[in-house]
Amino acid sequence: MLKLSVVIPAYNEKGTIAEIIRRVKAVDVDKEIIIVDDYSTDGTREILKDLAARGEKVFFHERNMGKGAALRTGFKHAAGDYIIVQDADLEYDPDDYLKLLAPVLKGRAEVVYGSRFTGEHRDMFFHHWVGNKFLTLVTNVLYNTTLSDMETCYKLFRADIIKSIDIKSDRFNFEPEITAKVLKKKVRIYEVPISYAGREFSEGKKITWADGFFAVWALIKYRFID
């Protein structure tokens, strides 16, 4: 049996952090949970300090650095055979870990993405749908692949693959960078359908249209440089 490292980057998620950790712990797989607080100011940090005092694996940034930077910290401390990214909100359901692990256990994949567009999901605003589809289309054109959801949070990597990649992005452009670099390593990405309950800005969503422009630039840049 393989061991799964669940890396949770957290920034100002006081209302959901305890529940997402509870849900992750409830999944019946051999796992470790690594939480990285990216200098939260809403009370999340205090919740995590309490968990750290009780033995949970929590790391704290001394300034806000972004999701990509938090993931770098988490990956560095991961000891599992495979590593999965888990956002600290409740958009993604940890019960889907079993779906992502299935092709790995069958020897079919080393990197697995959970697609929000092929499984059951709460409808998202049209402009979010368009943005996600556009970024995925750019990825497919530039890297000769057929992904349906490049921007998904649920990315599962064999540990040695993700640790061999020099991740430069500090913020949300982690998603296109890591996808580009995995594909440039000639690693085929396997997709499985997952459930998705997307939230909007009024509910705490942080990614914006500006992040979309940076994502396009990252896809173009990493197509031609390392």
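Residues in the sequence shown are numbered from 753 upward in steps of one, following the working numbering. Glycine included, C-beta positions come from ideal geometry on N, C-alpha and C.
Among the options, which has the Cα closest to the Cα of residue i?
i, options, result
"N747", "T891, L908, K938, I799", "No information on residue 747 is available, as it lies outside the stretch 753 to 978 that the chain covers here."
"K885", "P928, R806, P855, V776", "P928"
"D780", "K851, L823, K801, G807", "K851"
"Y849", "G950, R815, C905, S916", "C905"
"Y791", "V893, E784, I799", "I799"
"T931", "Y895, A911, G950", "Y895"
"D847", "A770, P761, R775, Y974", "R775"
"E843", "Y942, W969, F976, T768", "T768"
"T888", "F812, A970, A831", "A970"
"I773", "D845, G950, T793", "D845"
"K858", "E814, V968, D912, L754", "L754"
"A911", "Y948, G826, A821, T897", "G826"
"M902", "G883, V759, G807, V758", "G883"
At which residues does the alpha helix (DSSP H) containing residue i begin and terminate?
i, result
"V912", "The question names Val, but residue 912 is Asp in the sequence shown. Where D912 is concerned, the enclosing alpha helix (DSSP H) stretches over 911-915."
"I941", "Run containing I941: none in the alpha helix (DSSP H); it sits in the beta strand (DSSP E), 941-945."
"V776", "769-778"
"E927", "926-936"
Quick check on residue i: does DSSP put it in helix, strand or coil?
i, result
"A762", "strand"
"L908", "strand"
"D847", "helix"
"I787", "strand"
"V968", "helix"
"F812", "strand"
"Y974", "helix"
"V781", "coil"
"S954", "Low local confidence applies: a pLDDT of 48 at S954 is under 50, so the model's placement there is unreliable, with the coordinate-based value given in what follows. The answer is helix: DSSP assigns S954 an H, G or I state."
"L823", "helix"
"L889", "helix"
"L754", "coil"
Measure the CB-CB distance between residue i and residue j and report whether it falls below 9 Å.
i, j, result
"S867", "V934", "no"
"K809", "I787", "yes"
"D922", "M817", "yes"
"R940", "A861", "yes"
"T796", "E771", "no"
"Y942", "V863", "yes"
"L823", "P761", "yes"
"G832", "K777", "no"
"A967", "K915", "no"
Just reading off the beta strand (DSSP E) that residue i is part of, what are its end residues?
i, result
"F869", "Segment: none, F869 is in no beta strand (DSSP E) and carries neither H nor E."
"D802", "Element bounds for D802: not the beta strand (DSSP E) but the alpha helix (DSSP H), 796-805."
"I919", "Note, I919: premise wrong, no beta strand (DSSP E); not H, not E."
"Y834", "834-837"
**Study point:** Stretch-stretch touch, CB-based, cutoff 8 Å, three pairs: the region 824-837 with the region 906-920
**Key:** yes
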